[in-house]
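In the numbering used here, the protein residues as written are 1 to 168.
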């Protein structure tokens, strides 16, 4: 739009007015990029850690999806989670809970993060309707969005085990 305005013939005032109309679009774009960045890796993850970030995420989630209640059970200390794993835990939680909101019709999520011997266990359960695991994990479906296959890959890349259970 800026290019077409600059190529137009006409007075400087008319062009100036047209360019002024673009300013709100640019501001919206910048805000959207910031929101996307925050969604991918919130600054609280580096500043305050995974525990505070999960608390923030759950509050924001419940603000948006007020019909879904979240029960959190966190039984580990901040220093027990390495920085790369904090990002993985956050992104897996985010994707799983967004999938729940989109597809499960649940009204309750139970999020558990705990240390078990030398491992960290993240469990996210909901009381929504189940799904056909084979269909969801088929190669045709995995190309849409992050998906469960990508969640599995992300987990395994950091040496974790990824398990899904669903009942219909």
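Each residue gets a CB set at the ideal place from its N, CA and C atoms; glycine is no exception.
Counting only the same chain and skipping the five closest in sequence on each side, list residues whose C-beta sits under 8 Å from that of residue 100. 68, 106, 109, 124, 126, 128
Can you give the Cα-Cα distance for residue 119 and residue 168, rounded to whole angstroms? 30 Å
Start and end of the alpha helix (DSSP H) containing residue 47? 43–47
Threshold first: 3 residues or longer. Then list the beta strand (DSSP E) segments lying entirely within the stretch 100–149, N to C. 108–116, 119–126
Look at the alpha carbon of residue 159 and the alpha carbon of residue 30, and state the distance between them as a whole number of angstroms. 36 Å
Segment limits, alpha helix (DSSP H) that includes residue 3: 2–7
Among residues of its own chain, excluding the 5 on either side of residue 73, which ones have a beta-carbon nearer than 8 Å to its beta-carbon? 110, 111, 112, 113, 114
Check whether the Cβ atoms of residue 1 and residue 22 sit closer than 8 Å, and answer yes or no. yes
Would you call the CB atoms of residue 64 and residue 90 closer than 8 Å? no
Which residues does DSSP list as the beta-bridge partners of residue 89? According to DSSP, which records beta bridges pairwise, residue 89 is partnered with nothing at all.
Would residue 151 and residue 92 be called neighbours here (beta carbons separated by less than 8 Å)? yes
Can you tell me which of 52, 84, 155 puts its alpha carbon nearest to the alpha carbon of residue 95? 155
Quick one, which of 81, 148, 117, 85 has its alpha-carbon nearest residue 98's? 148
Based on DSSP bridge pairs, tell me the residues matched to residue 59. Answer is none; residue 59 lacks a bridge partner.
Looking only at its chain, what residues have a beta carbon closer than 8 Å to the beta carbon of residue 19, apart from the 5 residues adjacent to it on each side? 2, 5
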